[in-house]
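Read through the structure below, which is laid out as structure tokens, and then see the notes.
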Amino acid sequence: MALNNPDTATNVATFVPGTGSHLGTIGGDIDRSQMMLDSTEYQRRFAGLEGSTSVVTWYGYDAPQTIPQAGLDGYADGGAGSLDRFQDGLRASHDGTPSHNTVIGHSYGSTVIGAAASGGRSIDANDLFFVGSPGVGMDRVEGLSLEGIDPGHVGGHVYATAAANDPVPMIGDVFGSLSHGANPANDLPLIGFGATVVESAPGTGIDAGLLGELPSPAAHSEYWKNNNPALAGMGHVIAGLGAP
Numbered sequence: 041m042a043l044n045n046p047d048t049a050t051n052v053a054t055f056v057p058g059t060g061s062h063l064g065t066i067g068g069d070i071d072r073s074q075m076m077l078d079s080t081e082y083q084r085r086f087a088g089l090e091g092s093t094s095v096v097t098w099y100g101y102d103a104p105q106t107i108p109q110a111g112l113d114g115y116a117d118g119g120a121g122s123l124d125r126f127q128d129g130l131r132a133s134h135d136g137t138p139s140h141n142t143v144i145g146h147s148y149g150s151t152v153i154g155a156a157a158s159g160g161r162s163i164d165a166n167d168l169f170f171v172g173s174p175g176v177g178m179d180r181v182e183g184l185s186l187e188g189i190d191p192g193h194v195g196g197h198v199y200a201t202a203a204a205n206d207p208v209p210m211i212g213d214v215f216g217s218l219s220h221g222a223n224p225a226n227d228l229p230l231i232g233f234g235a236t237v238v239e240s241a242p243g244t245g246i247d248a249g250l251l252g253e254l255p256s257p258a259a260h261s262e263y264w265k266n267n268n269p270a271l272a273g274m275g276h277v278i279a280g281l282g283a284p
């Protein structure tokens, strides 16, 4: 489902939702796509850029519907080829000057993107953006491949954000290659993933008294709140402006 025309837009984003997504939930994901489009248009106007933006909500894979299913790689592997071909199709159908294309994955959607950009595949996009990711199938950004991007420069085209109270990215921190690989928003020296990390609000936590706040599933869905710098970061990257 595309907002605006991806065949003529200057900037085109593909949004890949995660666990629990199905046609009955597409309305909420289209709302998120609209917020990313609005954020991008704001960033474009602020930077004095002309052109237009299209955001596509992509439901082209069978998403896991339960937490146990989300621990499996098979859903990502099953959708990887379709997402890869879809990005090729966006390029082939575009009119005029090539658009700046970004693929954004939330939660398990980021795992699908990782599968589409590895294992012998090279996804045709300028940038990738992982939001609240449980892992993208590898421990280092160099395992990802983007069409026309030198392998040594991939880290400058891969972005990640994780809320401090979101438990999902912690899966990669704790289990690493035993699950879906490292947390792509880990930017610690020497052991970090190597992506460009974009700031996020901490998100809603569970009040644990003297222990402070504990992670909460609520934080996993709050990246699209208007006051969250993660949303501004998505717009910045979709607009082709890089990290804010």
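Numbers in this note's numbering are just positions in the sequence shown, counted from 1, shifted up by 40. Beta carbons are placed, not taken as given, at the ideal position from N, Cα and C, and that holds for glycine.
- In the three-state reduction of the DSSP assignment, Y82 falls in the helix class.
- For G119, the enclosing alpha helix (DSSP H) begins and ends at G114 to S133.
- Nearest in C-alpha terms to A235, of all of P224, S61, L186 and Y99, is P224.
- With fewer than 16 neighbouring CB atoms inside 10 Å of its own CB, T137 falls in the exposed class.
- For F55, there is no enclosing alpha helix (DSSP H); the residue is part of the beta strand (DSSP E) that begins and ends at N51 to V56.
- Taking the Cα positions, L250 is about 29 Å away from V238.
- Burial is judged here by how many other beta carbons sit within 10 angstroms of a residue's own beta carbon; H260 has at least 16 and is buried.
- Taking the Cα positions, S139 is about 45 Å away from D247.
- A distance of 8 Å or more separates the beta carbons of V277 and F126.
- DSSP, reduced to helix, strand and coil, places E182 within a helical segment of the structure shown.
- The closest CA to that of G188, considering only D167, R180 and V181, is found on D167.
- Runs of the beta strand (DSSP E) lying entirely within the segment 153-236, each at least 3 residues long, are 167-171 and 198-201 in chain order.
- The segment 114-128 makes contact with the segment 96-106; the number of CB pairs closer than 8 Å reaches 3 or more.
- For A279 and V208, the gap between their C-alpha atoms comes out near 27 Å.
- When the alpha-carbon of Y99 is set against those of I153, D78 and M76, the nearest one is in I153.
- Taking the CA atoms as reference points, G216 sits about 8 Å from G175.
- In this structure, the CA atom of G160 is about 33 Å from the CA atom of Q74.
- Between A155 and A120 a beta carbon distance of about 4 Å is seen, short of the 8 Å cut, so the two are scored as contacting.
- Contact between G275 and E262 is absent: CB atoms are separated by about 16 Å, not below the 8 Å threshold.
- Around the C-beta of G129, fewer than 16 other C-beta atoms lie within 10 Å, and the residue is accordingly described as exposed.
- Between V56 and I144, the C-beta spacing is below 8 Å.
- Annotated three-state conformation of D69 is helix, per DSSP.
- The C-alpha of T97 is placed about 7 Å away from the C-alpha of D69.
- Put simply, the backbone Cα of H134 is about 19 Å away from that of T80.
- DSSP links D247 through a beta bridge to E253.
- The continuous beta strand (DSSP E) containing V95 extends over residues T93 to T97.
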